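Chains as they are written, first to last, in our numbering: chain G, 2 to 410; chain Z, 14 to 338. C-beta: ideal position from N, C-alpha, C; glycine also. Keep in mind it's a predicted model, so treat the numbers as computed, not measured. Below is one structure, written out as structure tokens; the observations come after it.
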């Protein structure tokens, strides 16, 4: 009687702990991990859009009183992208207070920024210099407030992603331990009964034992596979995305620096120094890799990185020519070499570099989604399966013992 | 029972309140509603330490007299500072790119234009025979002396007041424009003169004579400094300062860009503008003064004034040169 109760309790506990645990982890994978992944992508898009708006506004200013339509449209698209990404991030409830505070600051400062840029545009069209002062103020808002807030937001959301992934990939030690305990108890009971009844097998208990072993194996294996897929989603997905996003942002910052050096006109040493810093980060001190090294990226990403590195080198040498022209007093030529439409201008080169990185980010985001889906798939049905097996276990144990005892009596 | 419940509720709400107080303090600089301001604004301004040279210790307008006739363009006397510039193939001039009518970037063309830009071209013409052999470097107000001392520019032509303090470290040409400090406010401002500035925020460029003059003549005002005087116009338009006080010539440029402002009639200092040159290059100063003499005599100065500064009022006589020999 006591043995029956103990086995039933152990079996039930294993089933409940296992099924609930699997359900929780599956929910984390489908919910928190997938959601944080999307939020990370949105936060990265927000940073990119803001940074590109800064670079584009400066380039448009350089081209003279009436900016080219393409630059205007690009700026407007950037602002729209930034607003859309901000809506995604704030709608997703970017977790802790740090993220919420960053969202509040961006929401408050983005209209201030666009207002300053529009003021600069109007004055610029009137041909008066105060437009330049407004552009500098706008760029200051971008660099001192918006971009740092966007960076904080990105950090907060990625931290959330890491946390969710760790939780979802945790091994179900408790349920597995209960399962092992159940198996041990079943073995003890069967040996006791064998001695008492001289029968080697008891169908009910054998079924219960097989069910218990299956529960433990399913729990353990599904957890291991899911953790493996989640790790892959990090290593081949979100980690690559983070690195590529870093590279893209460094490139955009360098581009804005290049334009602002020309806007500042001989007084832009701070921007030029920052350009060097960004280029060092992007392509390394000796322009041999930096954030663009192949590392253990997959083949498609490696190709994109190699192409991006070539563009970065081309850009850097074209940039040196721009600086040379400006330093030699050929300002108009320097501006053309920087913002002109021909394929050798630094604007065109930086544009191609951005495209390469953008495509690689898209590719790795897709890898991330696939791996997360895979992790979710490996847990799919496990809760119901484990529940059914546990029921079988309990029934088998109860029936087996009762029968044998009845027979014995 | 009821009393005990009340105590428990009080304790609980105290705990909740304490918890809120702890987490409500925002991190520094994270206030979303903080207004935007130009980069590098100091409010209140950090004033430069007053200089040793007292006012009136010298005649700030007196420069070095030109020696004889000007050398012909392209044939600068060997060993002179001018010959070195000719060797380099271009004259490097530190200018403003934000001072409407004096030195500013024409947004339509992207080129630097203005009265001071044309003066620089005249210098280049005198040295090379071509007004285009000049490289303009936009520099900030605070950077003017350092740019000369470090040799980053040959000459600074950037609404720079000649005063005895600066004469200690650099040389000036003779006066090429007579300015004076005035006050600009929004059109409906209650501020009528310098005496109304007490407790008000007044903006001027960092490292300018204007910011010192505010501290000296309106000690109760709150000086605010910005890297460029033009940033002060932005601050005034955004209602972040109550007044801008700088040279009337600069303010006239502001008034042209914003009809919602007015310049108060008081002009409470004299600010003679000179071209600044390295302390060692006395020969270059004498040469520049020779060029200025010629421009005053042959009507070039008047032509340039009419071209750029006619909005300041009727064309005056060019400032008369004064020499210390």
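Where the beta strand (DSSP E) containing residue i begins and where it ends
{"i": "residue 197 of chain Z", "result": "194 to 199"}
{"i": "residue 37 of chain G", "result": "That residue, residue 37 of chain G, is in no beta strand (DSSP E); its alpha helix (DSSP H) goes 35 to 63."}
{"i": "residue 353 of chain G", "result": "Segment 347 to 380 is the alpha helix (DSSP H) holding residue 353 of chain G; no beta strand (DSSP E) there."}
{"i": "residue 256 of chain Z", "result": "256 to 260"}
{"i": "residue 224 of chain Z", "result": "It is not in any beta strand (DSSP E) - residue 224 of chain Z instead sits in the alpha helix (DSSP H) that spans 222 to 230."}
{"i": "residue 278 of chain G", "result": "Unbroken run through residue 278 of chain G is the alpha helix (DSSP H), 270 to 284; no beta strand (DSSP E)."}
Which residues DSSP lists as bridging residue i, in chain order
{"i": "residue 111 of chain Z", "result": "Z:117"}
{"i": "residue 237 of chain Z", "result": "Z:216"}
{"i": "residue 104 of chain Z", "result": "Z:147"}
{"i": "residue 286 of chain Z", "result": "Z:174 and Z:190"}
{"i": "residue 125 of chain Z", "result": "Z:118"}
{"i": "residue 184 of chain Z", "result": "Z:290"}
{"i": "residue 169 of chain Z", "result": "Z:107 and Z:289"}
{"i": "residue 55 of chain Z", "result": "Z:238"}
{"i": "residue 276 of chain Z", "result": "Z:197"}
{"i": "residue 76 of chain Z", "result": "Z:336"}
Among the options, nearest to residue i - alpha-carbon criterion
{"i": "residue 101 of chain Z", "options": "Z:113, Z:308, Z:137 and Z:119", "result": "Z:137"}
{"i": "residue 250 of chain Z", "options": "Z:311, Z:279 and Z:216", "result": "Z:216"}
{"i": "residue 128 of chain G", "options": "Z:149, Z:57 and Z:123", "result": "Z:123"}
{"i": "residue 147 of chain Z", "options": "Z:89, Z:158, Z:190 and Z:99", "result": "Z:99"}
{"i": "residue 151 of chain G", "options": "G:316, G:250 and G:7", "result": "G:250"}
{"i": "residue 171 of chain Z", "options": "Z:286, Z:54 and Z:336", "result": "Z:286"}
{"i": "residue 109 of chain Z", "options": "Z:160, Z:203 and Z:178", "result": "Z:160"}
{"i": "residue 185 of chain G", "options": "G:327, G:210 and G:159", "result": "G:210"}
{"i": "residue 234 of chain Z", "options": "Z:206, Z:73, Z:200 and Z:260", "result": "Z:206"}
{"i": "residue 26 of chain G", "options": "G:195, G:228 and G:118", "result": "G:228"}
{"i": "residue 171 of chain G", "options": "G:139, G:319 and G:223", "result": "G:223"}
{"i": "residue 167 of chain G", "options": "G:378, G:390, G:373 and G:389", "result": "G:373"}
{"i": "residue 335 of chain G", "options": "G:262, G:87 and G:92", "result": "G:262"}
Check: residue i C-beta below 7 Å from any heavy atom of the ligand ATP
{"i": "residue 124 of chain Z", "result": "Absent from the structure shown: the ligand ATP. Ligands present: none."}
With 16 other Cβ atoms within 10 Å as the buried cut-off, status of residue i
{"i": "residue 325 of chain G", "result": "exposed"}
{"i": "residue 385 of chain G", "result": "exposed"}
{"i": "residue 19 of chain G", "result": "buried"}
{"i": "residue 190 of chain G", "result": "buried"}
{"i": "residue 199 of chain G", "result": "exposed"}
{"i": "residue 143 of chain Z", "result": "exposed"}
{"i": "residue 319 of chain Z", "result": "exposed"}
{"i": "residue 300 of chain Z", "result": "buried"}
{"i": "residue 157 of chain Z", "result": "buried"}
{"i": "residue 296 of chain G", "result": "exposed"}
{"i": "residue 103 of chain G", "result": "buried"}
{"i": "residue 49 of chain G", "result": "buried"}
{"i": "residue 401 of chain G", "result": "buried"}
{"i": "residue 58 of chain Z", "result": "buried"}
{"i": "residue 208 of chain Z", "result": "exposed"}
{"i": "residue 174 of chain Z", "result": "buried"}
{"i": "residue 40 of chain Z", "result": "Unreliable positioning characterises residue 40 of chain Z in this predicted model, as indicated by a pLDDT of 45, which lies under 50. The coordinate reading is nonetheless provided below. Exposed is the call here."}
{"i": "residue 316 of chain G", "result": "buried"}
{"i": "residue 65 of chain Z", "result": "Per-residue confidence for residue 65 of chain Z stands at a pLDDT of 46, beneath the threshold of 50, marking its modelled position as unreliable; the derived number appears in the next sentence. Classification for residue 65 of chain Z: exposed."}
{"i": "residue 240 of chain Z", "result": "buried"}
{"i": "residue 377 of chain G", "result": "buried"}
{"i": "residue 110 of chain G", "result": "buried"}
Extent of the continuous alpha helix (DSSP H) run through residue i
{"i": "residue 321 of chain G", "result": "300 to 328"}
{"i": "residue 323 of chain Z", "result": "No alpha helix (DSSP H) holds residue 323 of chain Z; DSSP gives it neither H nor E."}
{"i": "residue 125 of chain G", "result": "98 to 127"}
{"i": "residue 85 of chain Z", "result": "It is not in any alpha helix (DSSP H) - residue 85 of chain Z carries neither H nor E in the DSSP assignment."}
{"i": "residue 332 of chain Z", "result": "Looking at the DSSP string, residue 332 of chain Z is not in any alpha helix (DSSP H), and its letter there is neither H nor E."}
{"i": "residue 156 of chain G", "result": "148 to 169"}
{"i": "residue 138 of chain G", "result": "131 to 142"}
{"i": "residue 192 of chain G", "result": "174 to 198"}
{"i": "residue 242 of chain G", "result": "240 to 265"}
{"i": "residue 158 of chain Z", "result": "157 to 162"}
Partner residues on chain A for residue i, Cβ-Cβ distance less than 9 Å
{"i": "residue 113 of chain G", "result": "Looking at the structure shown, chain A is missing, and the protein chains on hand are G and Z."}
Handout entry: Cβ-based contacts, 9 Å cut-off: residues of the region 60 to 80 of chain G near chain Z
Key = So the list reads 62, 63, 64, 65, 66 and 67, given in the order they occur along the chain.
Handout entry: Proximal residues, the region 270 to 285 of chain Z versus chain G, C-beta separation under 7 Å
Key = 270
Problem - Interface residues of the region 111 to 143 of chain Z facing chain G [CB-CB below 8 Å] - result: 111, 112, 113, 117, 118, 119, 120, 121, 122, 123, 124 and 125
Problem - Positions along the region 121 to 139 of chain G whose CB lies within less than 9 Å of some CB in chain Z - result: 124, 125, 126, 127, 128, 129, 130, 131, 132, 133, 134, 135, 137, 138 and 139
Exercise for the section: Report the residues of the region 242 to 274 of chain Z with a CB closer than 7 Å to any CB of chain G, ordered along the chain. Expected result: 243, 244, 246, 247 and 270
Practice task
Return the residues of the region 332 to 352 of chain G that lie within a Cβ-Cβ distance of less than 9 Å from chain Z, sorted by chain order.
Solution key: 332, 333 and 336
Exercise for the section: Scan the region 178 to 189 of chain G for residues whose Cβ lies nearer than 9 Å to a Cβ of chain Z and list them as they occur along the chain. Expected result: If the cut-off is 9 Å between Cβ atoms, the region 178 to 189 of chain G has nothing near chain Z.
Practice task
Taking only beta carbons into account, state which residues of the region 316 to 330 of chain Z come closer than 9 Å to chain G, listed in chain order.
Solution key: none
Exercise for the section: Please list the residues of the region 98 to 111 of chain Z that have a C-beta atom closer than 7 Å to any C-beta atom in chain G, keeping them in chain order. Expected result: 103, 110 and 111
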